[in-house]
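**Q**
Protein chains: 2
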Amino acid sequence: MPATIMKKKITLKQIARELDVSISTVSKALRNSIEISEDTRQKVQAFAKLYNYRPNNIALSLKNRKTKTIGVIIPDIVHHFFSKVIRGIELVANKRGYNVIVGLSNESFDKEVINMQMLANGSIDGFILSISKETLQQQDYHHFKETINQGMPIVMFDRIVNEINCDKVIIDDLKGSKNAVSKLLSNGCENVAIITTKDYVSVGKLRTQGYLNALEDFKMSPETDLILKVDDELVSEDHLESLEREIEGLFKRNKNIDGVFAVNELYAIIAMKVARNLGMRIPEDIQFIGFTDGVLSKHATPSLTTVSQHGQLMGEKAAELLIDNLEREDEMEHYTTIVIETELIERNSTK
Amino acid sequence: MPATIMKKKITLKQIARELDVSISTVSKALRNSIEISEDTRQKVQAFAKLYNYRPNNIALSLKNRKTKTIGVIIPDIVHHFFSKVIRGIELVANKRGYNVIVGLSNESFDKEVINMQMLANGSIDGFILSISKETLQQQDYHHFKETINQGMPIVMFDRIVNEINCDKVIIDDLKGSKNAVSKLLSNGCENVAIITTKDYVSVGKLRTQGYLNALEDFKMSPETDLILKVDDELVSEDHLESLEREIEGLFKRNKNIDGVFAVNELYAIIAMKVARNLGMRIPEDIQFIGFTDGVLSKHATPSLTTVSQHGQLMGEKAAELLIDNLEREDEMEHYTTIVIETELIERNSTK
DNA sequence: ATAAGTAACGAAAACGTTTGCGTGTTGACA
DNA sequence: TGTCAACACGCAAACGTTTTCGTTACTTAT
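Taken in sequence, the protein lines are chains E and U. At position 348 of the first sequence the residue is numbered 348 (the numbering used here), and the sequence of numbers has no breaks. Take any residue in the second sequence, count from 1 to its spot, add 1000: that is its number in the numbering used here.
(1) State the CB to CB distance for the pair M1314/U and G1103/U, rounded to an integer number of angstroms; the pair is presumed to be in contact (CB under 8 Å).
(2) Which full runs of the beta strand (DSSP E) of 3+ residues lie inside the segment 1173-1224 of chain U, going along the chain?
(3) Kindly indicate if chain U contains any beta-carbon less than 8 Å away from that of V102/E.
(4) Figure out for me which residue from D1330/U, Q1309/U and S1202/U has the closest Cα to the Cα of I1340/U.
(5) F288/E and T305/E: beta carbons closer than 8 Å?
(6) Excluding the 5 residues preceding and the 5 following L250/E in the sequence, name in chain order all residues of the same chain whose CB lies nearer than 7 Å to its CB.
(7) For the 8 Å Cβ check, are there 3 or more pairs between the segment 54-62 of chain E and the segment 1119-1133 of chain U?
(8) Would I1077/U pass as an interface residue toward chain E - the criterion being a Cβ-Cβ separation below 8 Å?
(9) Taking 8 Å as the threshold (beta carbon to beta carbon), is P2/E in contact with chain U?
(10) Along chain E, in chain order, which residues have C-beta atoms closer than 9 Å to that of P1055/U?
(11) Answer yes or no: do G176/E and L322/E have a C-beta to C-beta separation smaller than 8 Å?
(12) Could you check whether the segment 292-299 of chain E touches the segment 179-190 of chain E, counting it as contact only if at least three pairs of C-beta atoms, one from each stretch, sit closer than 8 Å?
(13) Could you tell me whether the Cβ of T1067/U comes closer than 8 Å to any Cβ of chain E?
(14) With 8 Å set as the bound, which would you pick, yes or no: does the beta-carbon of T301/E sit closer than that to a beta-carbon of chain U?
(15) Which bits of chain U does N32/E rub up against, with CB to CB less than 9 Å?
(16) Around the C-beta of Q1312/U, are 16 or more other C-beta atoms found within 10 angstroms, so that it is buried, or is it exposed?
(17) So L174/E and G210/E are supposed to be a Cβ contact under 8 Å. How far apart are they, rounded?
(18) Closest Cβ-Cβ distance between R1347/U and chain E: below 8 Å?
(19) Any Cβ of chain E within less than 8 Å of the Cβ of K1009/U?
(20) For Q117/E, does the three-state DSSP call read helix, strand or coil?
(21) At what residues does the alpha helix (DSSP H) containing D167/E begin and finish?
(22) Let me know if L1050/U comes out buried or exposed under the rule of 16 or more other beta-carbons within 10 Å of its beta-carbon.
(23) Note down, in chain order, each residue of its chain lying with its Cβ closer than 6 Å to the Cβ of V44/E, except the 5 sequence neighbours on either side.
(24) Assuming V155/E and D167/E are in contact, meaning their beta carbons sit under 8 Å apart, how far apart are those beta carbons, in whole angstroms?
(25) Cα-Cα, which of P1075/U, V1161/U and K1178/U is closest to Y1200/U?
(26) On the three-state DSSP scale, how would you describe K361/E?
(27) Is the beta carbon of I86/E less than 8 Å from the beta carbon of M116/E?
(28) On a Cα-Cα basis, can you pick out the residue from N1099/U, D1076/U, N1094/U and M1280/U that is closest to S1105/U?
(29) Work out the CA separation of E1112/U and D324/E for me, nearest whole Å.
(30) Do the CB positions of Q138/E and F109/E come within less than 8 Å of each other?
(31) So with Cβ pairs under 8 Å, would you call S24/E a contact of chain U?
(32) Would you list the one or two residues that DSSP bridges to L344/E?
(33) Taking the alpha helix (DSSP H) that G1088/U belongs to, which residues open and close that run?
(34) State yes or no: is the beta carbon of S297/E nearer than 8 Å to at least one beta carbon in chain U?
(35) Quick one: give me the first and last residue of the alpha helix (DSSP H) that V1260/U is part of.
(36) Rounded to a whole number of angstroms, what is the C-alpha to C-alpha distance between E1320/U and N213/E?
Have a look at this one:
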């Protein structure tokens, strides 16, 4: 095959040289400035079209001191919820002329910091992020504070922390889980267990609280043995067997469990599996509700009743918030927190 | 709350002014040039550290004419396979000092073109992409050709097209599906059906061919009625009921089906559900294998035997290929195609 | 003492834009 | 013919770097 002729990207300077005019004339001609005669304007535009001229983004970014790019840092991308959020972010970002650059913290504090530093040096105009578990555990938020201090706006979603002053998009974890548990209780469940995470994950804590609140509403007192706090480290990759054993233990110790609320989809699915193996019928003998609506819930058998977080909507709202902030003229800083309503999606794991 | 004092990002110029030296001196001092005296070097570096100086990425990009950023265009991000690929890309990109900027084509030709144009104007050094269905259908690849012609390298993965000359990372769809179907046949299946897509999706076509090859190997002749070509449009969002009905029809017309190979995970899961509703036992009466290993396969009941595509590995290889290309000195263009081996992950839907 | 060499720094160009302002040419009008 | 607009264009600065090439001032050797 013959070496193909490359039509490298053309610049204003090259157009100027070809047409024997100055760079500024070319620039103005392309932007339809009235300073330029009809004649040369047409000439320049024709030439530019012919060579498919497009202004260099980097040069524009440098000149305008804004990149029209937003940085997104999330703990994991192979995760239904987070990818839905990204889809939402990308949707409105694109609509408003922005690009999206993603960094994965992989739930690690160091990677989160590195990633933010890598992007904060002019590559982006602002951040949208969800805090990694390790960061939440260590409670070290200096990188967020510094970033904000340098004048770079941040929007946090889902996994947030009150200590940081910035825009936030969250769901009402407490209300969502309270509703879910209430649903189980009104459906006749008398011994509802909860499968949750250790408390340092803020959402886990809130969802546990919602469980307790629901019990209280129904004048029932919580039993410690019905609260299973799973160590997330164990579940991280493929140590699901230990989780299964823990849940099995829960069921065997409490034969009367007739309802389970799990703080995420996977826990619920696994719990259903264990229950079925123990001979319980769903939803006749025992009912299940999970938090975080994903593919598993929809396609499991029986399909799982879940609390939907509306991930895509969260992403959209976060992007709106950030871009509004970026394009706002007045420098008055006022931070808003958007609360997305959760929704109970009823399927076949409940009566 | 008092207005916080902002420590805006500091530049070389500001350091120079503060320390009463020239910009070049500051730059050299920070890069440990021997031209600079020990004295001023220390002074500059101390000042820089104090004010947390970091070189502006955009300025560097402009000067070096490379952004250290790679653009990724995929059809959908809420998809286990694609998110795994992104994870792989991000992993090696990060390791090699690159950022990743993602664009979603949403399976649309126009959005694919727009997205590429948006990024090709200097924002990135090269593309990694998987072609949208609409583009494959229309067979209009001019945007790829133009991009490559402008000297911007492209690496395609999974959904590729031979017509374009560039690096590629694919799996051996034919071999993978042939292996899967052979597995069913050696397990004793005598009437294996395939649930596949319309032919314009290249991978669907290849996987169908693998199915036929396997039959041939076992001296069996294909029956047209055992080949179900699903119209993808119908399945796109939530029109799964029609898919269920189609599959139900397949089973009812061919009572003797004892094995099913589906070209993706979802089809297999739904087929299993339909089969179970029809009273068939899995894997005793009928066995299932799906392509594309995802969360559904692992957590379904029974868990689904699948052909794993090793999405993360694909992403890693694609990124290696692209970055190697970007950092190669010699301009000799030679395109390589990496074929990732598929792996049959046996679970409980087969004997 | 003078030539040569060296150490330490600054000026300027370059990357590709946009834009305020200066400047030359034309034409009209007094 | 001289003055003044209007028109059409170019210059140069700016965004923040890096790097080449001077340019000093001082030291060393002859």
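Cβ coordinates follow ideal geometry from the N, Cα and C atoms, glycine included. Small disclaimer: the values here were computed from a predicted structure and weren't measured.
**A** The relevant details are as follows:
(1) At roughly 18 Å, the Cβ-Cβ gap does not stay under 8 Å, so M1314/U and G1103/U are not in contact.
(2) 1192-1197
(3) yes
(4) Q1309/U
(5) yes
(6) A193 and L228
(7) yes
(8) yes
(9) Any answer about P2/E is weak, because its pLDDT of 40 lies below 50 and its placement is not dependable; what the coordinates show is given next. No, because no Cβ of chain U sits closer than 8 Å to the Cβ of P2/E.
(10) N121 and G122
(11) no
(12) no
(13) yes
(14) yes
(15) Going along chain U, no residue has its Cβ under 9 Å from N32/E, so there is no contact; the nearest lies around 20 Å.
(16) buried
(17) 4 Å
(18) no
(19) yes
(20) helix
(21) From DSSP, D167/E is part of no alpha helix (DSSP H) but of the beta strand (DSSP E) over D167 to I171.
(22) exposed
(23) V26 and A29
(24) 4 Å
(25) V1161/U
(26) Because chain E spans 1 through 351 in this model, residue 361/E falls outside it and cannot be assessed.
(27) no
(28) D1076/U
(29) 26 Å
(30) yes
(31) no
(32) V307/E
(33) H1080 to K1095
(34) no
(35) From DSSP, V1260/U is part of no alpha helix (DSSP H) but of the beta strand (DSSP E) over G1259 to A1262.
(36) 52 Å
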